[in-house]
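Enquirer: Counting in full-length UniProt numbering, the sequence shown tops out at residue 697, every number present.
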Amino acid sequence: MLAARCPTDELSLTNCAVVNDKDFQNGQHVIVKTSPTHKFVFTVKSHNTVLSGNIAFSLPQVGASSSAPVFPARQCIGTMTIEIDFLQKKSVDSNPYDTDRMAAEFIQQFNCQAFSTGQQVGHTMGRGAVCVFGDEQVGSKGIELGLAIANSQVIFEKAESSSLALIGKSKTKQGRQSIINPDWNFEKMGIGGLDREFSDIFRRAFASRVFPVELVEQMGECGGHTTQKNNPEGCGETPGTMTVCGPSPAWRLFVFRQLGANSGLHIIIFDEIDAICKQRGTMQGSTGVHDTVVNQLLSKIDGVEQLNNILVIGMTNRPDLIDEALLRPGRLEVKMEIGLPDENGRVQILNIHTARMREHKLLGDDVDVRELAVETKNFSGAELEGLVRAAQSTAMNRHIKAATKVEVDMERAEKLQVMRGDFLNSLENDIKPAFGINQEDYDSYIMNGIIVWGDPVTRALDDGELLVQQTKNSDRTPLVSVLLEGPPNSGKTALAAKIAEKSGFPFIKICSPDKMIGFSETAKCQAIKKIFDDAYKSQLSCVVVDDIERLLDYVPIGPRFSNLVLQALLVLLKKASPHGRKLLIIGTSSRKDVLQEMEMMDVFSTNIHIPNITTGEQLIEALELLSRFDDRERSRISQHVKGKAVWIGIKKLMMIIEMSLQVRANPVCVVMCFSLSHFLSLSLILFLSSAIAVVEP
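1. Taking all protein chains shown into account, decide if threonine 14 is buried (16 or more other Cβ within 10 angstroms of its Cβ) or exposed.
2. By Cβ distance, which residues of its chain are closer than 6 Å to glycine 464, with the 5 residues on each side in sequence left out?
3. Comparing C-alpha positions only, which one of Phe57, Asp368, Ile610 and Leu362 sits nearest to valine 347?
4. With DSSP collapsed to three states, give me the class of arginine 581.
5. With a CB to CB cut of under 8 Å and the five nearest residues on each side skipped, what residues in its chain are close to arginine 632?
6. Are there three or more Cβ pairs, one per stretch, closer than 8 Å when the segment 532 to 541 is compared with the segment 486 to 500?
7. Could you work out which residue in Leu552, Val468, Ala494 and Ile637 is closest to isoleucine 517 when comparing CA atoms only?
8. Run the CB neighbour count on histidine 29, radius 10 Å, all protein chains shown included, and call it buried at 16 or more, exposed below.
9. Less than 7 Å between the beta carbons of lysine 651 and glycine 449, yes or no?
10. Taking all protein chains shown into account, decide if glutamine 439 is buried (16 or more other Cβ within 10 angstroms of its Cβ) or exposed.
11. Cβ of isoleucine 167 within 7 Å of Cβ of aspartate 274?
12. Can you say whether valine 543 is buried or exposed, counting buried as having 16 or more other CB atoms within 10 angstroms of its CB?
13. Determine contact between the segment 382 to 391 and the segment 347 to 358, defined as no fewer than three beta-carbon pairs at a distance below 8 Å.
14. Looking at the unbroken beta strand (DSSP E) that takes in valine 19, where does it start and where does it end?
15. What does the Cβ neighbour count give for proline 456, buried or exposed, with the cut at 16 atoms within 10 Å?
16. Rounded to whole angstroms, what is the Cα-Cα separation between glutamate 10 and valine 18?
17. Which term fits glutamate 371, buried or exposed, when burial requires 16 or more other beta carbons within 10 angstroms of its beta carbon?
18. For isoleucine 268, tell me which candidate among Ala434, Arg280 and Val312 has the shortest Cα-Cα distance.
19. Rounded to the nearest angstrom, what separates leucine 362 and glycine 436 at their Cα positions?
20. I'd like to check one pair, isoleucine 149 with cysteine 76: are the Cβ atoms closer than 7 Å?
21. Rounding to the nearest angstrom, what Cα-Cα distance links arginine 252 and aspartate 323 in this structure?
22. Counting only the same chain and skipping the five closest in sequence on each side, list residues whose C-beta sits under 6 Å from that of leucine 572.
23. According to DSSP, simplified to helix, strand and coil, what is arginine 280?
24. In whole angstroms, what is the alpha-carbon distance linking proline 611 and leucine 619?
25. What is the rounded straight-line gap between the Cα of glutamine 469 and the Cα of threonine 588?
26. Given this structure, state the Cα-to-Cα distance separating residue 708 from phenylalanine 561, to the nearest angstrom.
27. Considering arginine 398, what are the terminal residues of the beta strand (DSSP E) in which it resides?
28. Around the Cβ of alanine 413, are there at least 16 other Cβ atoms within 10 angstroms (buried) or fewer (exposed)?
29. So the candidates are Lys515, Ser299 and Arg356; which of them puts its Cα closest to the Cα of glycine 330?
30. One question on the structure: do arginine 634 and leucine 623 come within less than 7 Å of each other, judged by their Cβ atoms?
31. Just to confirm, is the Cβ distance from proline 513 to arginine 550 under 7 Å?
32. For serine 52, which residues in the same chain have their Cβ closer than 7 Å to its Cβ, ignoring the five residues on either side in sequence?
33. What residue does the alpha helix (DSSP H) around valine 641 start on, and which one ends it?
34. Spatial neighbours of methionine 655 within its chain, please: CB distance less than 6 Å, with the 5 preceding and 5 following residues excluded, ordered by chain position.
35. Would you tell me roughly how many angstroms separate the C-alpha atoms of phenylalanine 86 and glutamine 119, rounded to the nearest one?
And the structure:
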């Protein structure tokens, strides 16, 4: 028999094989073979408009078809899954279709009609023609053919990439598309150290997309909108970008709206969102373009016709610049800070950036990624990547010949490997963390070391170590502050720097007035606040606030001081650090009385007095530790100051000693000064304004 088209649209929607009444009778079933391996069953319907010898289909099969013997109606369909889509893509309807009603209509219209797996069926569902495709999967009993009866259960499943919206219980449980590719691997994407952050983002933004739509609707829950905040640059807060320029493109980003909750999840990412969503009313000019962008985003995210199938992600390292209306609940409500990676995160990131070297056997056997992760505290992801590149450059530099022209030793280059020493060399000389320790500034404060001239210095160091251990181990006191106070030149800054160094904290910052020369009060407050904000990003931090009275612009004449800076310090010194972050603050001051009047002494947890050298024995001990005089000279000085009280700071003493050595090296001065002891006891009093006072007991 020859395949032909149905003579009328009404016959096409019956999904029967229409034949001439002389060839078959109504109610019979035939198997139509389209190929040796593909066959379908059709219920026969006779009509006099079909020519004898022809068989008409709603969707004509390709090529000639032949009929097989009459199919016995002994197999009935228990459950059939139907894949459904619009027949004409131009007449797409965004309204949802009730699968329960569709199943009842389907059984009513096709009762006692035969179907087979993979068979194409046409059917009208009230508002328009729908093309139904039978599921090609065979049931557990291997039945490919059967009759649809009144008790048959019909389950609908929308076709892949279909815009059809289904509701009701007569549809597959997989009501939503998988939002995460099963083959997804963060390491392959070059993302590491963000396990906790991705877990929180999934819980707040993606979890509701996994459950069936009906359950989510019953709970009255909507898809979340998230913003990822990250002040440390280079920590991987930009996995993807979408560029927006002006209000029109911002509006076009939301044209994905078609199927509501049944649509696949669309993700819109705004990189550096602070560039387009600044505080309204702060931009100069009369165009108001930036305000328009903010207004349109607000209306699309949380307006009258808000969208449930769109996840908006904004990324910035300046959250303070974003319009506060965008950060309210219902808008960019999930705030996630992508901080510095911990040790396990650094291991993941280093494994990602050394994977290709490991794959091609270019990574030395002595390289321990775990060891590097321990040594790279407070490194961001970008800094770890820079460390790997620097180590590669160091390794390649070993194979460059130092000749008149740059040449590569190809014989040795074939055996190129990046060794442990390359990483350590790059770690020491090339790459330094932005949120770590500035070694150059730090070394300048203890360039002469710590002179333990007596018990006061020993007690100060011991007390400082106790405070460090308290900061590390105590969960009840995440903020510990101590004030080192004493007379000028007593070595308070050096002791504070030494305590900070011995703490081993990954973040150490010194807030010193010499770095704020010429700053206005507002600029100085912002600089101090930035130091503390950076400290809050590290799990363990130490901030040294040096020479507090100079930070306050204090002068005794008047007196005068900066109240703005004072109030900023009072707030920051008492502000509790964020959860999971611990901060040690070490302050230094030479005017305890001034701080007492300003009520600043009360904000410190404790204070340690750093005195000057007050006895001859302490002076001799300091001279021995400095090793600048021989035994005979120290003995003469000891005889001169024995049993006498002195008053001199360690810094002033070191300066005097260096001056005395210059006198000893100059023959003219040797004639003028009979001995070093005479120089120390008499000349210093006359020429250095009582830097050291020798008093008879």
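For glycine and all other residues, C-beta sits at the position ideal for the given N, C-alpha and C.
Expert: For this structure:
1. Numbered from its first residue, the sequence shown carries residue 14 at position 14. Threonine 14 should be labelled buried.
2. In the sequence shown, counting from the first residue as 1, residue 464 sits at position 464. Excluding residues within five positions, the ones whose Cβ falls inside 6 Å are Ile499.
3. Along the sequence shown, read from residue 1 onward, the residue named residue 347 stands at position 347. Nearest to valine 347 by alpha-carbon distance, out of Phe57, Asp368, Ile610 and Leu362, is Asp368.
4. Walking along the sequence shown from the start, residue 581 turns up at place 581. Here arginine 581 carries a coil assignment [DSSP, helix/strand/coil].
5. To locate residue 632, count along the sequence shown from 1; it is residue 632. Around arginine 632: no qualifying Cβ.
6. Taking 8 Å as the limit for Cβ pairs, the verdict is that the segment 486 to 500 does not touch the segment 532 to 541.
7. Here residue 517 refers to the residue found at position 517 of the sequence shown. Comparing C-alpha distances from isoleucine 517 to each of Leu552, Val468, Ala494 and Ile637 shows the shortest one belongs to Leu552.
8. Counted from its first residue, the sequence shown places residue 29 at position 29. Flag for histidine 29 reads buried.
9. Taking the sequence shown and counting its residues from 1, one reaches residue 651 at position 651. Taking the sequence shown and counting its residues from 1, one reaches residue 449 at position 449. By the CB criterion at 7 Å, lysine 651 and glycine 449 fall outside the cutoff.
10. Counting from one through the sequence shown, the residue named residue 439 turns up at place 439. When all chains shown are included, glutamine 439 counts as exposed.
11. One-based indexing of the sequence shown puts residue 167 at position 167. One-based indexing of the sequence shown puts residue 274 at position 274. Taking 7 Å as the cut-off, the Cβ atoms of isoleucine 167 and aspartate 274 do not count as close.
12. Here residue 543 refers to the residue found at position 543 of the sequence shown. The residue is buried, with at least 16 neighbouring Cβ atoms inside 10 Å.
13. By the Cβ rule, the segment 382 to 391 counts as touching the segment 347 to 358, because three or more pairs are nearer than 8 Å.
14. Position 19 of the sequence shown, counted from the start, is the residue given in the question as residue 19. That run of the beta strand (DSSP E) goes 17 to 19.
15. By 1-based counting over the sequence shown, the position of residue 456 is 456. Buried, because 16 or more other Cβ atoms sit within 10 Å of the Cβ of proline 456.
16. Counting from one through the sequence shown, the residue named residue 10 turns up at place 10. Counting from one through the sequence shown, the residue named residue 18 turns up at place 18. Their Cα atoms are separated by approximately 11 Å.
17. As a working note, residue 371 is residue 371 in the sequence shown. Glutamate 371 comes out exposed.
18. Along the sequence shown, one-based indexing puts residue 268 at 268. Nearest Cα to isoleucine 268 within the set Ala434, Arg280 and Val312: Val312.
19. Counted from its first residue, the sequence shown places residue 362 at position 362. Counted from its first residue, the sequence shown places residue 436 at position 436. Leucine 362 and glycine 436 have their C-alpha atoms spaced approximately 30 Å apart.
20. Here residue 76 corresponds to residue number 76 of the sequence shown, with the count starting at 1. Here residue 149 corresponds to residue number 149 of the sequence shown, with the count starting at 1. Against a cut-off of 7 Å, the Cβ pair of isoleucine 149 and cysteine 76 comes out as a contact.
21. Within the sequence shown, numbered from 1, the residue matching residue 252 stands at position 252. Within the sequence shown, numbered from 1, the residue matching residue 323 stands at position 323. Annotation note: pLDDT 49 at arginine 252 (below 50); position unreliable, coordinate value reported separately. Looking at the two C-alpha atoms, the distance is approximately 21 Å.
22. Along the sequence shown, read from residue 1 onward, the residue named residue 572 stands at position 572. If we look at leucine 572 and ignore the five residues flanking it on each side, its Cβ neighbours are Phe532.
23. Residue numbering aside, residue 280 sits at position 280 when the sequence shown is read from its first letter. When secondary structure is reduced to three states using DSSP, arginine 280 falls in the coil class, being assigned neither helix nor strand.
24. Translated into the one-based positions of the sequence shown, residue 611 becomes position 611. Translated into the one-based positions of the sequence shown, residue 619 becomes position 619. Near 13 Å, if we compare the C-alpha coordinates of leucine 619 and proline 611.
25. As a first step, residue 469 is located in the sequence shown; it is residue number 469 there, counting from the start. As a first step, residue 588 is located in the sequence shown; it is residue number 588 there, counting from the start. Approximately 20 Å, taken between the alpha carbons.
26. Any question about residue 708 goes unanswered here, given that the chain covers just 1 to 697.
27. The residue given as residue 398 occupies position 398 in the sequence shown. Where arginine 398 is concerned, there is no enclosing beta strand (DSSP E), given that its DSSP letter is neither H nor E.
28. The residue you call residue 413 lines up with position 413 of the sequence shown. With fewer than 16 Cβ atoms within 10 Å of its Cβ, alanine 413 is classed as exposed.
29. The count along the sequence shown starts at 1 and reaches residue 330 at position 330. With distances taken between Cα atoms, glycine 330 lies closest to Ser299.
30. Translated into the one-based positions of the sequence shown, residue 634 becomes position 634. Translated into the one-based positions of the sequence shown, residue 623 becomes position 623. Yes; because the gap between Cβ atoms is below 7 Å, this pair is in contact.
31. The residue labelled residue 513 in the question sits at position 513 within the sequence shown. The residue labelled residue 550 in the question sits at position 550 within the sequence shown. Result yes, Cβ atoms of proline 513 and arginine 550 sit closer than 7 Å.
32. The residue given as residue 52 occupies position 52 in the sequence shown. The beta carbon of serine 52 is closer than 7 Å to those of Asn20, Lys22 and Asp23 in its chain, skipping five residues each way along the sequence.
33. Here the question's residue 641 lines up with position 641 in the sequence shown. Start and end: 631 to 641.
34. Counted from its first residue, the sequence shown places residue 655 at position 655. Same-chain partners within the cutoff: there are none.
35. Counted from its first residue, the sequence shown places residue 86 at position 86. Counted from its first residue, the sequence shown places residue 119 at position 119. Each residue's alpha carbon lies about 16 Å from the other.
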